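Residue numbers (our numbering), protein chains in the order written: chain E, 63 to 357; chain U, 5 to 301. Just so you know, even glycine gets a beta-carbon here, dropped at the ideal spot from N, CA and C. All figures in this text were calculated on a predicted structure; none of them were measured in a lab. In what follows, a single structure is set out as structure tokens and then discussed.
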Amino acid sequence: MPDSVRSLTLAFFLTLALAGCTPAAGAEGTPAVPSTAIENKGSDTMVNLALAWAEAYQAQHPGVRISVTGGGSGTGIAALINGTLDLANASRQIKDEERQEAEANGVTPVEFVVARDAIAVVVNPANPVDQLTIAQISDIYSGRINNWSEVGGEDRPIVRLSRETNSGTHVYFLEEVLRRGDGDDTTLFSPTTLLLPSSEGISAEVRQNPNAIGYDGLGYVTPDMKVVAVSTTAEGPFTIPSADTVNAGTYPIARDLYIYSNGEPEGDVAAYLEWILGAEGQAIVTELGFVPTAE
Amino acid sequence: MREASWSEFVITRLIRGAGYSAILFIALILLFLLREGSPALFEIPLTGLAGTRWYPIEGHFGLLPLIGGSLVVTLGAVLIAVPFGLGTAVFIAEVAPRWAREVLKPLVEVLAGLPSVLLGFLGMLVLAPTLREALDLPTGLTALAGAVLLAGISLPTIVSIAEDALDAVPRSYREASLALGATDWQTIWRVTLPAAGSGVLTAVMLGMGRAIGETMTVMMVTGNAPVVPTGVGALFAPARTMTATIAAEMGEVANGSIHYHVLFLIGILLFLISLAVNLIASSLVFRQRKRAERILS
């Protein structure tokens with residue numbers, strides 16, 4: 063990480079040096095209109111954040127055009143591997159196979175941690191359950207617990223909601239919650255888990271269905287859902303996710319959010335990443351309900 | 005003269021080429037599907053493909069839940085759409101006064117142009133919650149919600165084609181029937197509908213084809229849980245269709261991986277199913293025509 067930051071800074075100064083040479087090129091008659099386009103794609107968790115970054119940055123740098131699209135972490139990384147993307151947003155780390163595929167394709171993904179995110183477990187406001195242990199959540203999603211009465215709620219069937227399997231949030235939840243970080247555990251989501259294609263799908267169902275349980279990035283939780291307090295042990299303490307509890311390390315389901323660039327970033331891409339990691343970019347992170355990288 | 009015959013030669017060839025190109029395109033599509041999908045058959049044992057668990061990121065490639073999901077949703081849609089569609093077609097063609105007919109027919113055709121993602125949105129926010137409360141289900145995101153919306157999507161096709169077929173039945177048939185003392189209802193049920201039989205059947209089949217292939221709406225409202233359907237209860241539970249699976253997963257998958265090949269294998273299955281539906285439809289129509297010829301001769 064410090065390594066990539068150093069070369070990022072280097073690239074940044076190189077850009078400045080190069081920028082010093084551009085007036086000659088500009089004199090050839092190209093007016094100062096959008097000159098560079100940065101393609102940014104990936105994690106749906108991060109799409110609002112990436113859009114906010116892009117808007118703020120473009121307002122300050124009229125010469126840069128940044129197009130942001132979602133689709134899921136896997137989608138972004140796949141596009142990076144295929145060489146059609148400058149920056150891939152990912153809510154999970156790149157997998158070893160993906161890195162190998164990329165290298166076979168002549169692409170070297172370089173990793174930047176750009177923000178942190180807590181995954182909130184949400185239920186309908188009418189649901190009396192307000193705290194769950196990781197073990198209970200794991201049992202619910204793997205199909206061992208099927209009724210809310212088993213975890214202190216009403217006698218109602220549990221409807222499990224999840225993002226699709228191309229979502230980084232899905233993979234993270236599987237590894238860190240269902241399997242509790244145990245690499246040899248082969249627990250799977252119950253086949254009756256509803257796999258919804260969007261965050262909006264999950265929040266729409268949680269808002270209106272008292273049977274539902276869902277999970278999603280903290281930035282997507284709206285006031286009309288109830289956030290469940292989570293604990294690693296049955297004794298507690300049960301913690302509600304927030305910027306403070308994530309940075310203090312007390313909320314157990316938190317993760318880093320990444321941007322992967324195609325090779326060491328150069329020029330405008332490097333400047334953009336530098337800006338994201340700087341004070342302005344991190345202020346936007348806080349604004350959107352994510353947690354800034356503690357540095 | 006020479007000029008004219010030369011241009012005629014070119015035009016004939018062009019038209020013939022355009023005609024054959026349809027066959028060529030289908031053949032190319034099939035070839036592409038086979039090339040990308042058939043490796044899956046060698047990479048995964050058949051017992052794996054016939055499994056009941058679909059969880060591709062961990063190497064579970066059982067296709068049964070997807071095939072079952074598509075069947076349940078499509079059959080549900082047909083069961084809802086056919087009575088409604090034929091009823092509407094009969095009303096428009098036989099019963100409605102002229103002015104109502106002139107309003108209804110274009111309206112039905114407007115319905116056909118409605119973007120399906122819009123219907124999916126309505127389904128997610130309105131239909132699913134309503135179904136859950138009305139039928140006391142754990143969740144409204146079920147195969148039934150998908151079937152209702154697909155019925156809505158295939159209705160315009162069914163109504164429009166069936167109405168055309170009813171319209172094409174000669175007036176003399178109805179007049180003869182009425183002259184023999186049959187009531188309006190008897191005329192419709194015993195004379196007009198059977199006479200338009202092949203057209204009506206085509207309408208149903210094309211509507212069904214529309215339903216099998218529809219993706220977006222289904223993905224938004226069926227909950228996409230890959231459960232193998234068992235019995236009628238499956239209609240009231242979440243389901244994952246083949247089309248929604250391809251749409252949801254194609255974006256993430258790495259070119260040439262097993263998962264990629266399996267998604268194309270699902271594509272081949274969809275292709276074969278729609279081919280079968282079309283073949284059945286045309287063979288039924290053919291048989292009926294022969295029977296009609298026998299009767300008339």
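| Query | Result |
| --- | --- |
| For residue 168 of chain U: DSSP bridge partner residues | DSSP lists no partner for residue 168 of chain U. |
| Backbone CA spacing between residue 176 of chain U and residue 182 of chain U [nearest angstrom] | 10 Å |
| Beta-carbon gap between residue 145 of chain E and residue 228 of chain E smaller than 8 Å | no |
| CB contact check: residue 119 of chain U to chain E, cutoff 8 Å | no |
| Residue 246 of chain E, enclosing alpha helix (DSSP H) - first and last residue | No alpha helix (DSSP H) holds residue 246 of chain E; DSSP gives it neither H nor E. |
| Contact belief for residue 158 of chain U with residue 214 of chain U at Cβ below 8 Å, rounded distance in angstroms | 5 Å |
| In DSSP terms, what residue 65 of chain U is bridged to | U:58 |
| is_contact[residue 192 of chain U, chain E] using C-beta, thresh 8 Å | no |
| 8 Å contact criterion, which residue 295 of chain E and residue 195 of chain E should meet: CB distance rounded | 7 Å |
| Chain U contact residues for residue 143 of chain E, given Cβ-Cβ distances below 8 Å | 258 |
| Whole-Å CB distance - residue 116 of chain U paired with residue 164 of chain U, under 8 Å assumed | 7 Å |
| Where the alpha helix (DSSP H) containing residue 160 of chain E begins and where it ends | 158-166 |
| Coarse secondary structure for residue 299 of chain E, derived from DSSP in three states | coil |
| Beta carbon proximity, residue 85 of chain E to chain U, threshold 8 Å | Confidence is the limiting factor: at residue 85 of chain E the pLDDT is only 41, short of 50, which leaves the residue's position unreliable and the question unanswerable from this model. |
| Whole-angstrom distance between residue 338 of chain E and residue 86 of chain E, CA atom to CA atom | Reliability of the predicted coordinates at residue 86 of chain E is poor, the pLDDT of 40 falling under 50, and no value is obtained from them. |
| Residues of the stretch 150-174 of chain E with Cβ closer than 9 Å to any Cβ of chain U, in chain order | 159, 160 and 163 |
| Residue 272 of chain U versus residue 48 of chain U - alpha carbon distance | 16 Å |
| Residue 214 of chain U in three-state terms, based on DSSP | helix |
| Any C-beta of chain U under 8 Å from that of residue 131 of chain E | no |
| DSSP three-state assignment for residue 40 of chain U, whether helix, strand or coil | helix |
| Residue 344 of chain E: first and last residue of the uninterrupted alpha helix (DSSP H) it sits in | 341-349 |
| Same chain, Cβ closer than 7 Å to residue 120 of chain U, neighbours up to 5 away in sequence not counted | 157, 218, 220 and 221 |
| Whole-Å CB distance - residue 178 of chain U paired with residue 191 of chain U, under 8 Å assumed | 6 Å |
| Selection of the stretch 249-267 of chain E by Cβ proximity to chain U, strictly under 8 Å | 250, 251, 253, 254, 255, 256, 257, 258, 259, 263, 266 and 267 |
| Given residue 263 of chain E as reference, the closest of U:234, U:72, U:265 and U:143 once Cα atoms are compared | U:143 |
| C-alpha gap between residue 15 of chain U and residue 23 of chain U, whole angstroms | 12 Å |
| Sub-8 Å separation of residue 319 of chain E and residue 176 of chain E beta-carbons | yes |
| Contacts that residue 230 of chain U makes with chain E (C-beta to C-beta distance below 7 Å) | 253 |
| Residue 125 of chain U: first and last residue of the uninterrupted beta strand (DSSP E) it sits in | No beta strand (DSSP E) contains residue 125 of chain U, which is instead part of the alpha helix (DSSP H) from 120-126. |
| Whole-angstrom distance between residue 153 of chain U and residue 170 of chain E, CA atom to CA atom | 45 Å |
| At least three beta-carbon pairs within less than 8 Å, the stretch 273-293 of chain E to the stretch 184-203 of chain E | yes |
| Proximal chain E residues relative to residue 127 of chain U, where beta-carbon distance stays under 7 Å | In chain order: nothing, as chain E lies at least about 11 Å away. |
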